[in-house]
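K.L.:
This is the structure, below, for whatever I ask next.
Numbering (the numbering used here), first residue to last: 5 to 427.
Next comes the structure, spelled out in structure tokens:
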């Protein structure tokens, strides 16, 4: 990871964010691969915490703020404060590593508390700067700001998880506070931000803007409301409700995937093959796989109480692992790489958010070589992600380790590819 001498410029923060966040994802993938091959329980426990705490918080604190401020300029960005956010997240990664290694649950709880305090700052800025009607006016901003709220709740989940592990006999903390529920809750903020990004930089620019706005506004209620209701029916162990909601979300994802593929077909014919949009399409494809695995999860979960470890029978755990990894390595990582291929060059070239506010955001900001390399990177990521899912089905740890290593290296290549462009 290459660190930069900070000069107080917005572009410098963006580059630092790129370097740190991509390193965190690659490191989490490489540690998971190493743990699978070696059977090291510490690495297997640690790598999802690194992903959610590191990349999850950085993506919402930094990237999400760029996207929100690009719509509402009054949400000023303080580069020095953003650097402090990055340092705080790096500190939290050190803390969670020690907590997992030493089995110190109170340190895990302290990590969650620290991250909660960090997230409170941006939330206070948002709600003291923007009124509720103004937030609700822009569909994208609804998605972005709900993500910050969900991140606060996710960090609260880490705090309560640490306390529950430290005091297992206390009944104050609800039964549903488990590692699985924490990871599940941490994935929602990232998912919702991608939906807002897709609307802002794809569908909202279509010829039928008013219709698209209404549909994405409806999808906001279906997606966010469906996710919240889904958590409730899980806790209530209402099997029919879980199946109905999961199928509703699956059909919504299918509609998004089909319409976005049609959008890209028209865009590529009129403009040029944009690698960022190809990453986003691949992310939606893997969201479809995530939803399908999730329905299979529910089917085999029947009769097993929420919070049971493991959540499925051992012979069906490949479904659970495929569901989580299709979401994290596929839907979330692929989509955010696509977003970074748009956002980082836009900021680096102008040292501002002006390009993101204009029609130039989807223009050819990258050189031809960089764009070709991006498509090669996408190919390697798709192949390695598919191999990872196959390895879970085959229960082949060697294939899982090799594919995970290739995946981690391919993710890290994003930092190399963009830094070549921004020299």
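Built from N, CA and C at the ideal position, the CB exists for glycine as well.
Computed from a prediction, not measured in an experiment: that's the story for all the values here.
Would you mind working out which of 249, 65, 287 sits nearest residue 232, comparing C-alpha positions?
P.N.:
Ranking the options by Cα distance to residue 232, first place goes to 249.
K.L.:
According to DSSP, is residue 20 helix, strand or coil?
P.N.:
Three-state result, residue 20: helix.
K.L.:
Would a C-beta distance cut-off of 8 Å place residue 66 and residue 86 closer than the cut-off?
P.N.:
It is a contact, given that the beta carbons lie within the stated cut-off.
K.L.:
For the 8 Å Cβ check, are there 3 or more pairs between the region 341-349 and the region 361-372?
P.N.:
Contact holds: three or more Cβ-Cβ distances are below 8 Å.
K.L.:
Can you confirm whether the region 323-333 touches the region 395-413 when touching is taken to mean that 3 or more C-beta pairs between the two stretches lie within less than 8 Å?
P.N.:
With the cut-off at 8 Å, the region 395-413 and the region 323-333 touch.
K.L.:
Which one of 280, 330, 405 has the shortest CA to CA distance from residue 380?
P.N.:
Taking only the C-alpha atoms, the option nearest residue 380 is 280.
K.L.:
Which term fits residue 338, buried or exposed, when burial requires 16 or more other beta carbons within 10 angstroms of its beta carbon?
P.N.:
With 16 or more Cβ atoms within 10 Å of its Cβ, residue 338 is classed as buried.
K.L.:
Ignore the nearest five residues each way along the sequence and tell me which others in residue 364's own chain have a CB closer than 7 Å to its CB.
P.N.:
Cβ neighbours of residue 364 beyond the five flanking positions: none.
K.L.:
Of the choices 130, 234, 17, whose alpha-carbon is the least far from that of residue 62?
P.N.:
Closest option to residue 62, Cα to Cα, is 17.
K.L.:
Using alpha carbons as the reference points, say which of 81, 83, 115, 78 lies closest to residue 95.
P.N.:
The candidate whose alpha carbon is nearest that of residue 95 is 115.
K.L.:
Quick one: what does DSSP say residue 135 is sitting in, helix, strand or coil?
P.N.:
Coil at residue 135, not helix or strand.
K.L.:
Verify whether the separation of the beta carbon atoms of residue 81 and residue 14 is less than 8 Å.
P.N.:
For residue 81 and residue 14, yes; Cβs fall inside 8 Å.
K.L.:
Exposed or buried, which one is residue 193 when buried takes at least 16 other CB atoms within 10 Å?
P.N.:
Buried is the call here.
K.L.:
Can you tell me which of 119, 73, 106, 74 puts its alpha carbon nearest to the alpha carbon of residue 90?
P.N.:
With distances taken between Cα atoms, residue 90 lies closest to 119.
K.L.:
Would you mind giving the Cβ-Cβ distance between residue 228 and residue 150, rounded to the nearest angstrom? I have them listed as a contact below 8 Å.
P.N.:
At roughly 6 Å, the Cβ-Cβ gap stays under 8 Å, so residue 228 and residue 150 are in contact.
K.L.:
Check whether the region 202-217 touches the region 143-157, taking contact to mean three or more Cβ pairs, one atom from each stretch, closer than 8 Å.
P.N.:
In short, these stretches touch, since the Cβ pair count reaches three.
K.L.:
Going by Cα to Cα distance, which pick from 106, 130, 190, 39 is closest to residue 77?
P.N.:
Nearest option by C-alpha distance: 130.
K.L.:
Verify whether the separation of the beta carbon atoms of residue 382 and residue 283 is less than 8 Å.
P.N.:
Yes, Cβ-Cβ distance for residue 382 and residue 283 is below 8 Å.
K.L.:
Please classify residue 151: does DSSP put it in a helix, a strand, or coil?
P.N.:
Looking at residue 151 - three-state DSSP - the assignment turns out to be helix.
K.L.:
Under the three-state reduction of DSSP, which class applies to residue 6: helix, strand or coil?
P.N.:
Here residue 6 scores only 45 on pLDDT, less than 50, and its place in the model is too uncertain to base an answer on.
K.L.:
Cβ of residue 47 within 8 Å of Cβ of residue 36?
P.N.:
Against a cut-off of 8 Å, the Cβ pair of residue 36 and residue 47 comes out as a contact.
K.L.:
If we call anything under 8 Å between Cβ atoms a contact, is residue 189 one with residue 157?
P.N.:
Contact flag set, yes.
K.L.:
What separation, rounded to the nearest whole angstrom, lies between the Cα atoms of residue 108 and residue 168?
P.N.:
Approximately 12 Å between the Cα atoms of the pair.
K.L.:
In angstroms, rounded to a whole number, what distance separates the CA positions of residue 254 and residue 298?
P.N.:
Distance between the alpha carbons of residue 254 and residue 298: 9 Å.
K.L.:
Answer with buried or exposed for residue 301, where buried requires no fewer than 16 other C-beta atoms within 10 angstroms of its C-beta.
P.N.:
By the neighbour-count rule (16 or more Cβ atoms within 10 Å), residue 301 is buried.
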